[in-house]
Amino acid sequence: MQKMTMSFSKGKKSETSIKHNNRSLDLDKFDFEKVGHKHIKSEYTELNEVLIHKNIKDIYEKEFGQAVKDYNAKQKRKDRKIEDYYSKVKHSKNQRTQIEFIVQVGNVDDYKNDKNRITSSLWQDSKKILENYFENFQKRNPNLLAYNAVIHMDEATPHLHLNVVPVAHLKNVKRGLTVKPSLDRALEEEGYQKDPKDSRSQFKAFQNAEAQALADEALVFGINRKAGITNKLKDVHQYKQVMRAIDELEVQKQQVDTQLQDKQAQIDNLDQRELEVARREQVVASKEAKNKNLDKEIRRKEFILNDLDQKEQNTRDNWSQWVRTTEKLTKKRRLGTPDDYLVVGTFGTVDKEASKRKIANLIDLAEHGKLIKEVEAENRQH
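To convert, note that position 233 of the sequence shown is 216 in our numbering; the numbers rise steadily by one, no gaps.
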């Protein structure tokens, strides 16, 4: 048989929000992003169940209306009469208009592995246990009138928010109302006696009785009450403090996540810039290498052109010398005119190689030696 804790906690005066408790009645107007609400899983809010929802002022009118009339009838001074008893109690430092209890089967660890609350037998059984518990609560506690009760299925565990107006009937009252919203007096009327030595003993007895009543309902579903501490969160105040702390941590986590995302974006931008710079440097280096190769090729070709120009010039100079030598030789030896030694091709161009061979023959005919030296000396003078 499964064992779970049975929790019954009381809230403090300022810790009731019917709008918060009954959020499933008006989902469009409920702010799930508000601090204090971020632990709520909105996708499950429709599973919440409002068991009773009454106007607390109607409860006050029904339960205290006659007592207020009787009180006012005894007052001779108008300023002592009570016009709105609910408002009077609400603004009182010593009284509370209502009391909120949180009733819960088990704790967070019992439910954390159930992913689907709609189909989970544990979630649905716990909800049914709370429904049955509420149904019998009023029978056990006729002096604690429930005006609002809702089961929440959209938080860490299924639990019941139970808001009641305590109604105490006072006997032998000489001054004041004969019926008041006093929890101590209401519990006393139900049989829970006060201990002069321990002011908390009365509520502890009531709390233990209600926790046992919850355990009895759970036993029907095969859940046994776990021995020991029944609830790590002793009251609604502590429960809500923990919820607020969780919300604050979630906000801080979101802030840290945002900062990390910003830093990562900056790093990504830097990486992108560095990558672009590296690419540009690579492109520049590639272009510089190409330019160097082009410069080398240009210098090589310039050298070749210069060499060709020089060779062409030398060829021209040598040909000029050949022509002048031919002129001299032909004049000296009457061996014809220079034109006789120029070989002309088909298109009227001089065939230099053929002409050189003819001129070489001319030199041989000119008796070589002294005559050629004379001709070359004269050529150098020109």
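Glycine residues also receive a C-beta, built at the ideal position from the N, C-alpha and C atoms.
All figures in this text were calculated on a predicted structure; none of them were measured in a lab.
8 Å CB neighbourhood of residue i in its chain, flanking five on each side removed
i: D58; result: For the sequence presented, residue 58 should be read as Gln rather than Asp. Closer than 8 Å at the Cβ level, and outside the excluded window around Q58, lie K64.
i: Q293; result: none
Other residues of its chain near residue i: CB distance less than 6 Å, five sequence neighbours each side excluded
i: R282; result: none
i: L113; result: I134, L143
i: D108; result: F204
i: F13; result: R6
i: L160; result: A50, Y54
Coil, strand or helix - residue i by DSSP
i: Y175; result: coil
i: F120; result: helix
i: H3; result: helix
i: T213; result: Because the pLDDT of T213 is 42, which lies under 50, any placement of that residue in the model is unreliable, and the question is left without a value.
i: I287; result: helix
i: S(-10); result: strand
i: I206; result: strand
i: L143; result: strand
i: N131; result: strand
i: D181; result: strand
i: E271; result: helix
i: I85; result: strand
i: Q78; result: coil
i: E32; result: strand
i: V148; result: strand
i: K17; result: coil
i: K163; result: strand
i: V239; result: helix
i: Q(-15); result: strand
i: V156; result: coil
7 Å CB neighbourhood of residue i in its chain, flanking five on each side removed
i: T213; result: Note that T213 scores 42 on pLDDT, short of 50, meaning its location in the model is unreliable and no value can be drawn from it.
i: R15; result: First, the residue type needs correcting, since residue 15 is Phe and not Arg in the sequence shown. Hits under 7 Å: I23, S25.
i: Y68; result: Y43, F47, V51
i: S103; result: D97
i: N115; result: E200
i: T(-1); result: Q81, E83, N146
i: E280; result: none
i: G211; result: Confidence at G211 is low in this model, with a pLDDT of 47, below 50, so its placement is unreliable and no value can be given for it.
Nearest-angstrom Cα separation, counted from residue j out to residue i
i: N55; j: V162; result: 13 Å
i: K2; j: K17; result: 13 Å
i: T332; j: S338; result: 11 Å
i: D254; j: L105; result: 51 Å
i: R79; j: F186; result: 16 Å
i: F84; j: V239; result: 36 Å
i: R100; j: E138; result: 11 Å
i: E118; j: T140; result: 20 Å
i: E285; j: S269; result: 24 Å
i: K95; j: D181; result: 38 Å
i: P179; j: V133; result: 35 Å
i: Q(-15); j: I206; result: 5 Å
i: I250; j: V267; result: 25 Å
i: V260; j: N289; result: 42 Å
i: N344; j: D334; result: 16 Å
i: A188; j: A198; result: 15 Å
i: D93; j: K209; result: 12 Å
i: A196; j: N155; result: 34 Å
i: Q247; j: T28; result: 36 Å
i: F120; j: A192; result: 11 Å
i: Q235; j: D245; result: 15 Å
i: K122; j: N4; result: 23 Å
i: R263; j: K275; result: 18 Å
i: E257; j: A272; result: 22 Å
Contact test: residue i Cβ vs the ligand ATP heavy atom, cutoff 7 Å
i: T140; result: Summarising the ligand content, the structure contains no ligands, and the ligand ATP is consequently not present.
Anticipated Cβ contact below 8 Å, residue i with residue j, distance rounded
i: L143; j: V86; result: 4 Å
i: V91; j: P164; result: About 34 Å; that fails the 8 Å criterion.
**Study point:** the region 157 to 169 / the region 142 to 149 touching (three or more Cβ pairs under 8 Å)
**Key:** Between the region 157 to 169 and the region 142 to 149, the count of C-beta pairs closer than 8 Å reaches three or more; the two stretches touch.
Point to revise | Stretch pair the region -10 to 8 + the region 16 to 33: three plus CB contacts closer than 8 Å | key: Contact between the region -10 to 8 and the region 16 to 33 is present: three or more C-beta pairs spanning the two stretches fall below 8 Å.
Review point. Would the region 127 to 143 and the region 36 to 55 be scored as touching if the rule is three or more Cβ pairs under 8 Å?
Key: The region 127 to 143 is in contact with the region 36 to 55.
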